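Scroll down for the structure; my scribbles are underneath it.
Residue numbers (our numbering): -2 to 489.
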């Protein structure tokens, strides 16, 4: 079925009792309506559930719904947070929600149910959101796309024949289709920024441990993996980071305190920034011409806004970084899977894991402690060299991906050999992971569209702990290169 056919079907099928313009608001906009008593939290929940019911058969983004609990919570009383009454999805990986299943995108975890909210889930509730269910994840967050044996493929609302990205693909597709205005996502090698780029959203990867999942979460991936949200507006991302980015006693990484609310940075005057940009890939192969065109247009726009802009790479030794991170990632995966196995109560059978996951588990168990710590030490030295490049610049600009979102099946773990998936992912997503290792904040903004109608995201990275500069700059770009009026074909 073509995207235009889907669009025509949905346009004919839009009658609903209330909140027909629900999807035109961002999350802060909906919360303002609730505070003004122009709409109730219950009406927002019904509007969201209606869109999930009508659209998810096409997109396949939502793997679990708890409509009964959402209606009960929406009936109040609700916390007086910045997002009071706003419908919200939680990624099906990492964050525990009391009484909800958490499959982590895997058949092996089909029976895992969380007994309590983890720390970040409690922070989301305190912000006022109403949790509706879970957005699909790739199996244990491994692949930068969501096509799983457990739940099938998540499809891009801009063209359902193409990927929505991953591993937070369900959250991104649901927000892009207007089911919810924002949703939880996490990022270990690009899993917030990649689906944001694929689906035309704002995807901020905060500084390492800016958003802790403590005190009952564990230090997964030594701070390389972070949590936040995907949104349609810059201000929603900033406001949620204000709500959840609060230091937790005992956090393993000391994050410098912010100077003030991030929401205040959005719309604030931007000083002249030193911005370097590059589209050079580790392999030396050129990026897609349409991605290059958006990159150059963005650089030209930044220069016209008065910034000092120059084409210059960071000089990252990608080959050395790949070599050193391999044993670190493998050892981390083995430890993470040990926790999963403890939850399930037994070892997985081969037919309960996707071929890529099974191969990763077997290989990761061969890594020695010496190899893992050597890799970690080497990796920290390599990342320090990257961080030092920011002594001379304020922001680094590059694409999120080398090409627009590819068709469904391009990195399907059930259909493509593990080695080939690794090769394709390295070619398509070479830019994001380095900033997980450095711990720097990095945001994807939806600044272009391909001739086929697929989003193209640009990535902006700032110094360690300097989300404030990114939010100021993102707010400026949002006005200069607006995206809010764009609507995908899969939309009510």
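Each residue gets a CB set at the ideal place from its N, CA and C atoms; glycine is no exception. For clarity, every value in this text was computed on a predicted model and none was experimentally measured.
Identity of the residue in the options nearest residue i by Cα
i	options	result
residue 251	257, 230, 266, 219	219
residue 186	94, 438, 434	434
residue 416	93, 140, 42, 238	140
residue 407	398, 422, 351	422
residue 318	337, 372, 399, 350	372
residue 464	454, 255, 385, 445	255
residue 279	296, 102, 315	315
residue 432	405, 410, 395, 411	395
residue 44	74, 82, 32, 78	82
residue 189	206, 222, 212	222
residue 438	204, 105, 123, 131	204
residue 391	268, 143, 137, 482	268
residue 107	113, 99, 114	99
residue 270	34, 25, 466, 47	466
residue 104	121, 123, 60	60
residue 456	295, 473, 329, 340	295
residue 281	428, 32, 78	428
residue 473	387, 426, 261	261
residue 403	35, 86, 155, 80	155
residue 288	122, 96, 445	445
residue 272	339, 361, 293	293
Beta-carbon spacing of residue i, residue j below 8 Å
i	j	result
residue 306	residue 274	yes
residue 163	residue 183	no
residue 201	residue 234	yes
residue 263	residue 468	yes
residue 321	residue 376	yes
residue 217	residue 333	yes
residue 197	residue 452	yes
residue 49	residue 62	yes
residue 399	residue 424	yes
residue 228	residue 172	yes
residue 393	residue 178	no
residue 410	residue 352	yes
residue 125	residue 28	yes
residue 226	residue 159	no
residue 442	residue 454	yes
residue 130	residue 90	no
residue 145	residue 214	no
residue 310	residue 285	no
residue 211	residue 248	yes
residue 209	residue 462	no
Cβ neighbour criterion (16 or more within 10 Å) applied to residue i
i	result
residue 378	exposed
residue 17	exposed
residue 157	buried
residue 118	buried
residue 308	exposed
residue 127	buried
residue 374	exposed
residue 363	exposed
residue 2	Model confidence at residue 2 stands at a pLDDT of 44, short of 50, so the residue's coordinates are unreliable and nothing is read from them.
residue 88	buried
residue 175	buried
residue 325	buried
residue 265	exposed
residue 370	exposed
residue 380	buried
residue 359	exposed
residue 243	exposed
residue 460	buried
residue 481	exposed
residue 40	buried
residue 448	exposed
residue 147	buried
residue 348	exposed
residue 35	exposed
residue 24	buried
Range of the contiguous beta strand (DSSP E) that encloses residue i
i	result
residue 88	84 to 88
residue 131	127 to 132
residue 228	223 to 228
residue 202	199 to 202
residue 480	Taken as a continuous stretch (DSSP letters only), residue 480 belongs to no beta strand (DSSP E), as it is neither H nor E.
residue 490	Only positions -2 to 489 of the chain appear in this structure, which leaves residue 490 out of reach.
residue 373	First-last for residue 373: 366 to 386, but that is the alpha helix (DSSP H), not the beta strand (DSSP E).
Residue range of the alpha helix (DSSP H) that includes residue i
i	result
residue 124	Neither: residue 124 is in no alpha helix (DSSP H) and is coded neither H nor E.
residue 231	231 to 241
residue 155	Taken as a continuous stretch (DSSP letters only), residue 155 belongs to no alpha helix (DSSP H), as it is neither H nor E.
residue 324	315 to 341
residue 61	Not the alpha helix (DSSP H): residue 61 falls in the beta strand (DSSP E), residues 59 to 62.
residue 299	286 to 301
Exercise. Are the segment 55 to 65 and the segment 163 to 174 in contact at 8 Å, needing three or more beta carbon pairs?
Worked result: yes
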